[in-house]
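K.L.:
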Amino acid sequence: MVEHSANSEIHLIGKATAGQIIFDASIVGFSAMMYPVECNVVLKEADRNDKSFSPAYLGRARGQLRRNEIQKALDDLAEAIRVDPEFAPAYAIRSQIFSKENDARFRNGKRAVDDATTACELTKWENWEYLVPLAAAYAENGEFQLAIQWVNKTIKSAPASEREQLQEELEQYRQNKPSRFEIDPTDDVLDPNSSDSPLDASGWFDRGKAKFDAQKYRECIADFTEALNLDPTIPSAYVHRGTARRMIDEAEKAIADYGEAIRIDPTYAAAFIGRAHVLRTKGDYANAIEDYAETIRLQPDNASAFRYRAVALQEIGEADQAIEDWSQAILLHPKNSWSYRRRGFLWHARGDYQQAINDFEVAIDLDSESAWAHNQLAWLLASCPDHKYRDGSRAIELATKACTLSEWKDTHIDTLAAAYAESGDFDEAIRWQEKAIELAPAASKDDYRSRLKLYKSGEPYYAE
1 MVEHSANSEI HLIGKATAGQ IIFDASIVGF SAMMYPVECN VVLKEADRND
51 KSFSPAYLGR ARGQLRRNEI QKALDDLAEA IRVDPEFAPA YAIRSQIFSK
101 ENDARFRNGK RAVDDATTAC ELTKWENWEY LVPLAAAYAE NGEFQLAIQW
151 VNKTIKSAPA SEREQLQEEL EQYRQNKPSR FEIDPTDDVL DPNSSDSPLD
201 ASGWFDRGKA KFDAQKYREC IADFTEALNL DPTIPSAYVH RGTARRMIDE
251 AEKAIADYGE AIRIDPTYAA AFIGRAHVLR TKGDYANAIE DYAETIRLQP
301 DNASAFRYRA VALQEIGEAD QAIEDWSQAI LLHPKNSWSY RRRGFLWHAR
351 GDYQQAINDF EVAIDLDSES AWAHNQLAWL LASCPDHKYR DGSRAIELAT
401 KACTLSEWKD THIDTLAAAY AESGDFDEAI RWQEKAIELA PAASKDDYRS
451 RLKLYKSGEP YYAE
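Numbering-wise, the sequence shown is residues 1 to 464 according to our numbering.
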């Protein structure tokens with residue numbers, strides 16, 4: 001194997017690209033054995049605030065773990081998180097160190113739980129692979145009932161090929177024993193002389209998964225394909241390849257991959273919800289709803305399945321059923337602002353104004369940076385046909401915040417104008433409505449002009 005010199009290449013190909021090349025090298029078998037010097041050169045030259053280097057830090061950390069350089073790995077994972085606080089894989093791996101490392105000096109149950117929870121939140125609790133570190137973290141923290149609970153949830157969503165290992169961990173937790181890393185001394189990736197060994201199906205899958213986590217979707221597809229060429233019975237490889245294809249708009253290929261995963265393992269919920277997402281995006285709402293329903297049957301506590309089924313139901317005019325699904329999603333995940341925003345929109349459309357106000361208020365409390373929630377509540381308070389729900393001054397405050405958050409989007413300026421009109425300040429209403437018309441796409445201009453005509457005649461706008 002020819003070793004690349006990042007020192008000579010970095011000035012030719014640019015820092016971010018060089019960082020990604022080192023990441024590619026480091027994830028082969030999760031080993032950076034061949035590239036320690038190059039990793040150091042590239043990461044020393046990296047912009048310390050450049051998110052694109054997070055995967056490079058992660059790749060180097062994986063290699064350090066294989067060499068048992070635990071503190072160095074933790075330092076690199078901390079740096080990956082610093083430059084990209086939303087990089088879920090770094091939290092998940094650090095959590096596993098805090099919970100499963102054989103050297104007790106590095107174990108910290110509370111930090112393990114915090115990191116694993118963050119990884120799950122960043123991935124919207126949809127990725128079973130991030131639930132595994134959460135269970136291990138609770139076990140290390142001595143909370144074995146919670147560990148058992150999360151392993152049971154993971155078993156329901158994991159592919160059949162992974163369930164035997166998960167059952168073994170479950171038995172450990174039932175005996176009040178935490179999980180520890182088990183490193184096979186014959187593992188090829190520990191041998192610096194074995195880096196030219198061909199990868200087996202698992203190795204190709206692992207490499208593809210690392211690229212998938214780094215959002216390198218086109219490249220990970222090739223690795224998952226290699227894995228499936230060697231072993232066509234890995235449902236998780238089909239699901240990951242399908243999801244990668246979904247992310248690059250290869251809808252039909254994604255549907256085929258999810259379908260093959262379902263054929264191999266009809267209980268694999270991730271395949272059903274993945275296919276449902278593609279079908280919904282294509283406008284095939286009926287079949288999407290069926291797949292979301294099957295996901296819910298397999299995983300009754302999957303809040304995401306309820307949320308997206310609600311979206312599909314809303315698209316076909318089934319508002320009441322959609323509200324039921326949003327409500328169930330909120331019961332399962334009460335801190336998701338989007339669920340309150342979408343349910344509030346449906347309450348508003350149905351004329352249940354107080355319920356809509358309540359939901360929009362909660363949405364804002366949960367996400368103070370949501371321009372959409374601020375705008376929806378402002379619109380209701382400015383234009384509600386029932387006078388007892390109108391509040392012009394509050395609408396101005398909310399609409400102004402929405403405009404600021406959205407960098408003065410025309411739809412939010414339109415709301416601000418309506419708020420000023422409701423408050424009786426028609427000069428400001430006219431000024432802002434003219435600005436909205438100036439910025440609006442052609443399809444919205446006539447609607448905006450009709451409101452401008454009202455304001456010029458001294459009348460506010462009330463929705464019908």
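We treat Cβ as the ideally placed atom computed from N, Cα and C, and that holds for glycine.
As the structure is a computational prediction, the values presented were derived from the model and not from experiment.
In three-state DSSP terms, what is Pro-159?
P.N.:
In this structure, Pro-159 counts as coil in the three-state DSSP scheme.
K.L.:
With a CB to CB cut of under 8 Å and the five nearest residues on each side skipped, what residues in its chain are close to Lys-445?
P.N.:
Answer for Lys-445: Ile-437, listed in chain order.
K.L.:
Looking only at C-alpha atoms, which of Arg-82, Arg-105, Ala-78 sits nearest to Arg-94?
P.N.:
Answer by Cα proximity: Ala-78.
K.L.:
Taking C-beta to C-beta, are Ala-269 and Thr-243 nearer than 8 Å?
P.N.:
Cβ atoms of Ala-269 and Thr-243: not closer than 8 Å.
K.L.:
Mind checking whether Val-278 and Ala-293 have CB atoms under 8 Å apart?
P.N.:
No, the Cβ-Cβ distance between Val-278 and Ala-293 is not below 8 Å.
K.L.:
Applying the criterion that 16 or more other CB atoms from any shown protein chain within 10 Å of the CB defines a buried residue, is Arg-103 buried or exposed?
P.N.:
Residue identity differs from the one stated: residue 103 is Asp in this sequence, not Arg. Exposed: under 16 other Cβ atoms inside 10 Å.
K.L.:
Please list, in chain order, all residues of the same chain as Ala-395 whose beta carbon is under 7 Å from its beta carbon, the five residues on each side excluded.
P.N.:
Taken in chain order, the residues that qualify are Ala-378, Leu-381, Ala-382, Ala-419, Glu-422.
K.L.:
For Tyr-340, which of helix, strand or coil comes out of DSSP?
P.N.:
Helix.
K.L.:
Alpha carbon to alpha carbon, what distance is there between Asp-223 and Ala-521?
P.N.:
Since the displayed the chain opens at 1 and closes at 464, residue 521 lies outside it and no answer follows.
K.L.:
Check whether the segment 335 to 354 touches the segment 309 to 320, taking contact to mean three or more Cβ pairs, one atom from each stretch, closer than 8 Å.
P.N.:
As far as the Cβ criterion goes, the segment 335 to 354 touches the segment 309 to 320, which means the pair count is three or higher.
K.L.:
In the DSSP assignment, find the unbroken alpha helix (DSSP H) run with Tyr-292 in it and report its ends.
P.N.:
Looking at the DSSP string, the run of the alpha helix (DSSP H) that includes Tyr-292 is 285 to 298.
K.L.:
For Phe-30, which of helix, strand or coil comes out of DSSP?
P.N.:
With a pLDDT of 33 at Phe-30, under the threshold of 50, the modelled position of this residue cannot be trusted; read the value that follows with caution. Helix, per DSSP.
K.L.:
Check the C-beta distance from Thr-415 over to Ala-399 and give it rounded, since I have them as a contact under 8 Å.
P.N.:
Confirmed, Cβ separation roughly 5 Å.
K.L.:
If you run the structure through DSSP and keep just helix, strand and coil, what is Glu-129?
P.N.:
In the structure shown, Glu-129 sits in a helix (DSSP, three-state: H, G or I).
K.L.:
How big is the Cα-Cα spacing for Glu-290 and Thr-225?
P.N.:
About 28 Å.
K.L.:
Quick one: what's got a C-beta closer than 8 Å to Asp-115's C-beta in the same chain, skipping five residues either side?
P.N.:
Hits under 8 Å: Tyr-91, Ala-92, Arg-94, Ser-95, Phe-98, Pro-133, Ala-137.
K.L.:
Can you tell me where the alpha helix (DSSP H) with Gln-71 in it begins and where it stops?
P.N.:
Here the alpha helix (DSSP H) through Gln-71 covers 70 to 83.
K.L.:
In whole angstroms, what separates the C-alpha of Gly-19 from that of Ala-237?
P.N.:
For Gly-19, the predicted model reports a pLDDT of 39, less than 50, meaning its position is unreliable; a value from the coordinates is still stated below. The straight-line gap from Cα to Cα measures roughly 26 Å.
K.L.:
The alpha helix (DSSP H) with Asn-358 in it runs from where to where?
P.N.:
Counting along the chain, the alpha helix (DSSP H) containing Asn-358 begins and ends at 353 to 366.
K.L.:
Leaving out five residues before and five after Asp-427 in sequence, what residues of the same chain have Cβ atoms less than 6 Å from its Cβ?
P.N.:
Once the five neighbours on either side are set aside, Asp-427 has no close Cβ partner at all.
K.L.:
Look at Phe-306 and Ala-329 and say whether their C-beta atoms are less than 8 Å apart.
P.N.:
Contact: yes.
K.L.:
Apply the 10 Å Cβ neighbour rule to Lys-216 and answer buried if 16 or more other Cβ atoms are within range, or exposed otherwise.
P.N.:
Under this definition Lys-216 is a buried residue.
K.L.:
Is the separation between the beta-carbon of Thr-267 and that of Leu-298 shorter than 8 Å?
P.N.:
Contact: yes.
K.L.:
Would you please state the rounded distance, in angstroms, between the beta carbons of Arg-60 and Asp-76? I believe it to be under 8 Å.
P.N.:
Indeed, because the Cβ distance is near 5 Å, the residues count as touching under 8 Å.
K.L.:
What number of angstroms, rounded off, separates the C-alpha of Cys-220 from the C-alpha of Lys-100?
P.N.:
If I take the Cα positions, the gap works out to 28 Å.
K.L.:
Between Lys-110 and Ala-429, what straight-line distance do the alpha-carbon atoms span, to the nearest angstrom?
P.N.:
In a straight line, the C-alpha of Lys-110 is about 53 Å away from that of Ala-429.
K.L.:
Hey, how far is the Cα of Ser-457 from the Cα of Ser-393?
P.N.:
Those two C-alpha atoms are separated by around 21 Å.
K.L.:
Straight-line CA distance for Gln-172 to Glu-140?
P.N.:
Looking at the two C-alpha atoms, the distance is approximately 12 Å.
K.L.:
Out of His-387, Glu-162, Trp-408, Ala-288, which has the shortest C-alpha to C-alpha gap to Asn-375?
P.N.:
Of His-387, Glu-162, Trp-408, Ala-288, the residue nearest in Cα terms is Trp-408.
K.L.:
Using CA coordinates, which residue listed in Tyr-455, Gly-424, Asn-336, Asp-386 is at the minimum distance from Thr-123?
P.N.:
Comparing Cα-Cα distances from Thr-123 to each of Tyr-455, Gly-424, Asn-336, Asp-386, the minimum goes to Asn-336.
K.L.:
Please classify His-277: does DSSP put it in a helix, a strand, or coil?
P.N.:
In this structure, His-277 counts as helix in the three-state DSSP scheme.
K.L.:
Going by the beta-carbon positions, is the gap between Ala-227 and Ala-201 smaller than 8 Å?
P.N.:
Result yes, Cβ atoms of Ala-227 and Ala-201 sit closer than 8 Å.
K.L.:
Kindly give me the distance between the Cβ atoms of Gly-208 and His-240, rounded to whole angstroms, as I take these residues to be in contact under 8 Å.
P.N.:
Gly-208 to His-240, Cβ: 7 Å. Contact.
K.L.:
Would you check if the distance between the CB atom of Asp-231 and the CB atom of Arg-245 is smaller than 8 Å?
P.N.:
In this structure, Arg-245 does not lie closer than 8 Å to Asp-231 by Cβ.
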